[in-house]
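Novice:
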Amino acid sequence: MLDELRRIVQKVNAAKDLNSALEIIVRRVRKTFSTQVCSVYLQDNDINGHVLMASEGLNKEAVGNVSLGLGQGLVGLVAKHAEPINLEDASLHPSYYYLKETGEEIFHAFLGVPIIHHRKVLGVLVVQHEKRRRFDEGEEAFLITLSAQLAGVIAHAEATGAIKGVSPSGQKISDTIFSGVSGAPGVAIGQITVVFPLADLDQIPERRISDIEREIQFFNRCLGAVQDDMRALQNQLAGQIPEEELQLFDAYVRMLDDNVLGNEVVRRIEQGFWAQGALSYVAKEHIRTFEMMNNEYLSERSVDIRDLCSRILFYLQEKESIVIEYADDTILVSDELTPAMLVDVPKEKLRGLISVKGSSNSHVAILARAMGVPTVMGAVDLPLNQLDSHEIILDGYDGVVISNPSSQMLARYGDTIKEQDHLIAGLENLKNLPCETPDNHRVRLWVNTGLMSDIVNSLDQGAEGIGLFRTEVPFLLSERFPSEQEQADIYREQLRTFAPNFVTMRSLDVGGDKDLPYFPINEENPFLGWRGIRVTLDHPEIFMAQIRAMLRASIGFGNLQIMLPMVSNVNEVTSSLQLIKKAHRELLQEGLNIKFPPIGVMIEVPGAVYQTRALAKLVDFISVGSNDLTQYLLAVDRNNPRVANLYSAFHPAVLQALQYVVSQARLESKSVSICGEMAGDPGAAVLLMAMGFDVLSMNASSLLRVKSVIRDVTLKSAKKLLDQVLKMDDPQLIRNAVDLTLRNAGVDRLLRSSRAN
Ligand code: PEP
Ligand code: MG
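Under this note's numbering, read the sequence shown as residues 269 to 1025, first letter to last.
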């Protein structure tokens, strides 16, 4: 059974569209069950019902033409309760509704299971049989398992149709909503550009070209190059490898020589598609066909096709560097956005960002917030290669993308954009005003930086210091480890611009979701693995070069602070301190006059929370990294959109941990700051102020919003709110209580515009 299950899922996965996917499902399931009918009904919101989308066993003419209203019949009942129904004789059930076009009156046994994707019922999978008999437990379990596995594929296939503006039953539709999570607040309307990694046949977007002749010639040249390679390889290997294996090259050369593949690609280019997209389309078709074959030898040939086509793709990409023409209102979309992709687009043209993978606290989302670009993360159902050039609405507040927007929807969001601009303009007046509550409590608002452009932005927003400079960002954008001198130049720029205010530089924090292309770390469980201080202590040469660069950069400014990430025990701190002191000594011996900087430890690991006091004894300040602390306390991967709804800095465990850290740091009279994203959430900032954090460090685009709230909420009411929420046990209720306080203080205009987690 397991093998059969795998085979069905694999074949459905390879189907080219929704209808072929459903065809495969009904055909294969009917055969596996040795039953007479298998059908799939899908919910179509446009007609408020379930449409019979595919069937083996019912009248073919009924397929696509009959439907049941929502809640109608047994299918409606399965969908409504999201539970299977297994009946010996369906016609005896009170909910039985007979659709005469289907000819189903002769079938008595009925088993229907819901198809559920992300808690939403997409439709119902049904098997039926003439005999009056109950499908046995094993059959029911099989169908449930299958349906759970197919739900994602069906959702994806539906999404592909929706992007083209058609519903499952073929109706023209608009305003289809694709859900993700908020990455950075704001709304954007724009045109999509898909960016994709090279050498991956599956991720090439469809794109249109105008010079068809040129594209065909280009493709033929690349095809020829692969043919030459194959022949050369075959000659080279003749006599060296067994005859049998050499025949594989024969097969390759033949596949290219008889030009079946090439001709199909050319035909697609003639329809106006670019060569890479045409190749990807044809390759996937052939791969699908081979994979569908029941004969194992033949289905293995799909691997050969993939290999050959990847070789052609290599030439297509190598020979032609793609110069992307970004539209004036570009919305950049990728399977997995990277910092390098973000900085590639001219800033004035970038309206929004969408990443299929990742979540609101992925590092790329943090960068997006720092840049102030509306972003949706984890839009897992978006059919990536169909998106290029589409106009869409991106709602970074609610984390949704709307395709085929209607004129009413465009008008509505156009108004939101105006409101948003108006609000931002209003906040500008606060730039030079102090961050002080109405009862005269002063709060220090600092910024988190990484990109050079952040500095200008931060100063512009009136930041009073840098609470976190993510030094790994320049490392991520580089092609090798930057040298000590290169680092010193970058760090000096930050220190100079902010002098005399403090700049807190964090030692290199790679690992987790921050992979350096030139220093890959492949681990099963990267967030629990070799990360942050663990990496740099194992590579003292990297750590020392960085510390020396920081110290040298600080000459003449004296405003440097150094901070250590991902600390989980005191030994890591004492070892780091030894290295920092050594670097300082070396530089003094080289004749440089450098002040020894304040050193801090980040509290990001639950274990470190309980060691705050011991850690505080060793250093000058404590800084909480609430992004990681939340992920580790709640065991919720900050990158995983599936569990994004569980990630909340308002969880009572997070709030209590934060309060505990402040109290422990106080016992050692050490200053305590917070530099996670929650500091930039106006509601959370009010709680953090009440807890006694000395510094709130946030992305520059949140700074004025937070200042605006703090200037309107007294410390007294903030403390009252904190007392109240520390007694509560539900994150959502805590969030509501915080929102209510902001509303009472008259600053609810900022609620929607600032929410990002
Ligand atoms: C944090 O974890 O809260 C933090 C500030 O560090 P990063 O987001 O870079 O992991
Ligand atoms: Mg962190």
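Where is the CB? At the ideal position from N, CA and C, for every residue including glycine.
Here's the rule: buried if 16 or more other CB atoms are within 10 angstroms of the residue's CB, otherwise exposed. What is Leu618?
Specialist: Buried.
Novice: Between which residues of its own chain and Arg1023 is the CB-CB distance below 8 angstroms, once the five residues before and five after are set aside?
Specialist: Only weak support exists for where Arg1023 lies, its pLDDT of 44 falling under 50; the value from the coordinates is given anyway. For Arg1023, where only same-chain residues beyond five positions count, the Cβ hits under 8 angstroms are Ser450, Pro453, Tyr665 and Asp949.
Novice: Under a Cβ-count criterion, where at least 16 other Cβ atoms within 10 Å of its own Cβ denotes burial, should Leu1010 be classed as buried or exposed?
Specialist: Leu1010 is buried by the Cβ-count criterion.
Novice: Run the CB neighbour count on Leu566, radius 10 Å, all protein chains shown included, and call it buried at 16 or more, exposed below.
Specialist: Counting Cβ neighbours within 10 Å, Leu566 comes out exposed, since fewer than 16 surround it.
Novice: Check each candidate in Phe918, Gln729 and Asn716 and name the one with the smallest Cα separation from Ala697.
Specialist: Residue 697 is actually Asn in this sequence, not Ala. The option with the nearest alpha carbon to Asn697 is Gln729.
Novice: Just curious, the beta strand (DSSP E) that Met946 is in, first and last residue?
Specialist: Run containing Met946: none; DSSP gives neither H nor E here.
Novice: Following a CB-centred definition, is Val892 positioned closer than 8 angstroms to any heavy atom of ligand 1?
Specialist: Checking every heavy atom of ligand 1 against the Cβ of Val892, one is found closer than 8 angstroms.
Novice: So, are the CB atoms of Leu819 and Leu828 less than 9 angstroms apart?
Specialist: Contact: yes.
Novice: Decide if Leu662 is buried, meaning its Cβ has at least 16 other Cβ atoms within 10 Å, or exposed.
Specialist: When all chains shown are included, Leu662 counts as buried.
Novice: Indicate whether Ser602 and Val463 have their beta-carbon atoms separated by less than 9 angstroms.
Specialist: In contact: Ser602 and Val463 (Cβ atoms closer than 9 angstroms).
Novice: Could I get the ranges of all uninterrupted alpha helix (DSSP H) runs contained in the segment 332-359, with 4 residues as the minimum, in chain order?
Specialist: Qualifying alpha helix (DSSP H) stretches, in chain order: 341-349.
Novice: For Arg637 versus Ser970, is the C-beta spacing smaller than 9 angstroms?
Specialist: Their beta carbons are under 9 angstroms apart, which means Arg637 touches Ser970 by this criterion.
Novice: In whole angstroms, what separates the C-alpha of Tyr365 from that of Asn333?
Specialist: Approximately 16 angstroms, taken between the alpha carbons.
Novice: Looking at the secondary structure, which residues open and close the alpha helix (DSSP H) in which Met677 lies?
Specialist: Segment Ser675 to Leu695, the alpha helix (DSSP H) holding Met677.
Novice: Going along the chain, which unbroken runs of the beta strand (DSSP E) with 3 or more residues stay wholly within the segment 850-908?
Specialist: List check, beta strand (DSSP E) in window: 867-871 and 889-892.
Novice: Strictly by DSSP, which residues pair up with Met966?
Specialist: DSSP output for Met966 lists Val715 as bridge partner(s).
Novice: Helix or strand or just coil, what does DSSP make of Leu745?
Specialist: Coil at Leu745, not helix or strand.
Novice: Helix, strand or coil: which one does DSSP assign to His424?
Specialist: Note: His424 maps to helix in three-state DSSP.
Novice: Nearest by alpha-carbon distance to Val993: which of Ser746, Ala921, Asp783 and Lys368 is it?
Specialist: It is Ala921.
Novice: From Glu329, Val940, Leu320 and Glu324, pick the residue whose C-alpha is nearest to that of Gln340; which is it?
Specialist: For Gln340, the nearest C-alpha among the options comes from Leu320.
Novice: Within 10 Å of its beta-carbon, does Ala224 have 16 or more other beta-carbons around it, so buried, or fewer, so exposed?
Specialist: No answer is possible for residue 224: the residues shown for the chain start at 269 and end at 1025.
Novice: One question on the structure: do Pro352 and Leu379 come within less than 9 angstroms of each other, judged by their Cβ atoms?
Specialist: In this structure, Leu379 lies closer than 9 angstroms to Pro352 by Cβ.
Novice: If distances are taken between C-alpha atoms only, which option among Ala427, Arg400 and Asn354 comes closest to Lys284?
Specialist: Checking every option, the nearest Cα to that of Lys284 belongs to Ala427.
Novice: Can you determine whether any heavy atom of ligand 2 sits closer than 8 angstroms to the C-beta of Glu872, and answer yes or no?
Specialist: Yes - ligand 2 has a heavy atom lying nearer than 8 angstroms to the Cβ of Glu872.
Novice: At a cut-off of 8 angstroms, is Arg738 close to ligand 1 when judged by its beta-carbon and the heavy atoms of the ligand?
Specialist: Yes - ligand 1 has a heavy atom lying nearer than 8 angstroms to the Cβ of Arg738.
Novice: If you measure between the beta carbons of Ile719 and Thr765, is that distance less than 9 angstroms?
Specialist: Before going further, note that residue 719 is Leu rather than Ile in the sequence given. The answer is no: Cβ separation not under 9 angstroms.
Novice: Can you list, in chain order, the stretches of the alpha helix (DSSP H) that have 4 or more residues and sit fully within the segment 502-571?
Specialist: Complete alpha helix (DSSP H) runs here, min 4: 511-525, 528-538 and 543-560.
Novice: Let me confirm a value: Asp1016 is counted as buried when at least 16 other C-beta atoms fall within 10 Å, else exposed. Which label applies?
Specialist: Exposed, by the Cβ-count rule.
Novice: Assign His658 to one of three DSSP states: helix, strand, or coil.
Specialist: Coil, per DSSP.
Novice: Report all residues from its chain with a CB closer than 8 angstroms to the CB of Glu840; omit the five preceding and five following residues, and keep chain order.
Specialist: Ile801, Arg802, Leu805 and Leu832, listed in sequence order.
Novice: So is Asn1025 buried or exposed if we call it buried at 16+ other beta carbons inside 10 Å?
Specialist: Its pLDDT being 42, under 50, Asn1025 is placed unreliably in this model, and the value from its coordinates should be taken loosely. Asn1025 comes out buried.
Novice: How would you label Asn708, buried or exposed, when you count the other beta carbons within 10 angstroms and need 16 or more for buried?
Specialist: Exposed, since its Cβ has fewer than 16 Cβ neighbours within 10 Å.
Novice: Can Glu291 and Ala322 be called in contact, C-beta distance under 9 angstroms?
Specialist: Yes; because the gap between Cβ atoms is below 9 angstroms, this pair is in contact.
Novice: Alpha carbon to alpha carbon, how far is Gln654 from Pro473?
Specialist: So the two alpha carbons sit approximately 6 angstroms from each other.
Novice: Between the Cα of Glu1032 and those of Ile484, Ile555 and Glu593, spot the shortest distance and give me the residue it belongs to.
Specialist: Not covered by the structure: residue 1032. The range shown for the chain is 269 to 1025.
Novice: Quick check on the burial criterion: 16 or more other C-beta atoms within 10 angstroms. Buried or exposed for Arg579?
Specialist: Arg579 comes out buried.
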